[in-house]
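Chemist: Can you read through this structure? Questions will come right after.
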Amino acid sequence: MAELYSFHVAVKEMEDKIWRDIDISAKSTLAQLAYTIMVVFNTGRDHMFCLYYKGKRYELRFDPDGPKASRPNRVHLEKMKLAPGDELTMIYDYGCNWEFQITFKGTRPMEPGKGNHYPHVTAGAGRGIIKDMFPGELLERIEKEDQTGEPQLPSMFNKEHLLSYKYFDLKDINYGLTVDVRWLKDEYEHATNRRR
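Structure below.
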């Protein structure tokens, strides 16, 4: 029987404000976990990323002369020998340097016939990150909203319209998630194959 891997993922320094609990097939790759994180935290999905686990770097390399890294699209989660409590780190957007703390919570059996249902977010808090905003600026806006009660985040469609960082809709997050993850996989992995 196939297994599900459960992860708790949080934005560094905002762990209690912006986080997600994610279930994903054990047969998924480390890259697919990263794509899932990119989708469910509203990253904008157009920057480089890398992951670290036990001192090892995983990255889809666009630059053959860059730092040594294993390819996350060739590493399946079930082969990583993760134990509950193990932590990984994901860095997204090397300019803004968003850091996600990923904690492996454990495994459980996947219901037969439910494979297409995953990845799936089971719980969470916070809107996500803001594209091209530095983490420190988002943290300042969160603190200001907590103090004043007034939304502080600019809408991507109208910068004058401010949104609350607290907004989280589980149904909305999961709507189309599997399709978005497949789309990102195609985009990122096709791009890295073109540059090799």
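The sequence shown: position 22 = 20 (the working numbering), numbered continuously. Heads up, the beta-carbon is just placed ideally off N, CA and C, and yes, glycines get one too. Bear in mind that the values here come from a model prediction, so they are computed numbers and not experimental data.
(1) Could you check which residue in Lys66, His159, Ala121 has the C-alpha nearest to that of Asp19?
(2) Report the partner residues of Gly104 according to the DSSP bridge assignment.
(3) For a test of the three-state rule: what should DSSP assign to Thr176, helix, strand or coil?
(4) Exposed or buried, which one is Met154 when buried takes at least 16 other CB atoms within 10 Å?
(5) Measuring alpha carbon to alpha carbon, tell me which residue in Lys77, Phe102, Pro110 is nearest Thr87.
(6) Can you tell me whether Val119 is helix, strand or coil according to DSSP?
(7) Looking only at its chain, what residues have a beta carbon closer than 8 Å to the beta carbon of Met78, apart from the 5 residues adjacent to it on each side?
(8) Where do the ends of the alpha helix (DSSP H) carrying Tyr33 lie?
(9) Looking at the unbroken alpha helix (DSSP H) that takes in Ile140, where does it start and where does it end?
(10) For Arg59, which beta-bridge partners are listed by DSSP?
(11) Can you find at least 3 beta carbon pairs, one from the stretch 27 to 44 and one from the stretch 125 to 135, that sit closer than 8 Å?
(12) Does the beta-carbon distance from Ile35 to Val9 come in below 8 Å?
(13) Please report the straight-line C-alpha distance between Met12 and Leu137, rounded to a whole angstrom.
Modeler: Quick look at the numbers:
(1) What you label residue 19 is simply residue 21 of the sequence shown in a count that begins at 1. If you compare the alpha carbons of Lys66, His159, Ala121 with that of Asp19, the shortest gap goes to Ala121.
(2) By one-based count along the sequence shown, residue 104 stands at place 106. Here Gly104 is bridged, per DSSP, to Ser4.
(3) As a working mapping, residue 176 is identified with position 178 in the sequence shown. Of the three classes helix, strand and coil, the one that applies to Thr176 here is helix, per DSSP.
(4) Reading the sequence shown from its first residue, position 156 is the one you call residue 154. Residue environment: Met154 is assigned as exposed (fewer than 16 neighbouring CB atoms within 10 Å of its CB, all protein chains considered).
(5) Here residue 87 refers to the residue found at position 89 of the sequence shown. Taking the Cα of Thr87 as reference, the smallest distance to any Cα among Lys77, Phe102, Pro110 is reached at Phe102.
(6) Residue 119 sits at position 121 when you count from the first residue of the sequence shown. Look at Val119 here: in three-state DSSP terms it is strand.
(7) Within the sequence shown, residue 78 is the residue found at index 80, counting from 1. Around Met78, the same chain offers Leu28, Tyr51 as residues with beta carbons nearer than 8 Å, after the five sequence neighbours per side are excluded.
(8) As a first step, residue 33 must be located in the sequence shown, where it is residue number 35. Per DSSP, Tyr33 belongs to the alpha helix (DSSP H) from 28 to 38.
(9) Indexing the sequence shown from 1 puts residue 140 at position 142. Ile140 -> alpha helix (DSSP H) spans 133 to 146.
(10) What you label residue 59 is simply residue 61 of the sequence shown in a count that begins at 1. Partner residues in a beta bridge of Arg59, as assigned by DSSP, do not exist.
(11) Yes: the two stretches touch, three or more of their Cβ pairs being nearer than 8 Å.
(12) Looking up residue 35 in the sequence shown gives position 37. Looking up residue 9 in the sequence shown gives position 11. Judged by beta-carbon spacing, Val9 lies beyond the 8 Å limit of Ile35, meaning their Cβ atoms are not closer than that value.
(13) On the sequence shown, residue 12 is found 14 positions in, with the first residue counted as 1. On the sequence shown, residue 137 is found 139 positions in, with the first residue counted as 1. Our two residues, Met12 and Leu137, have alpha carbons roughly 7 Å apart in a direct line.
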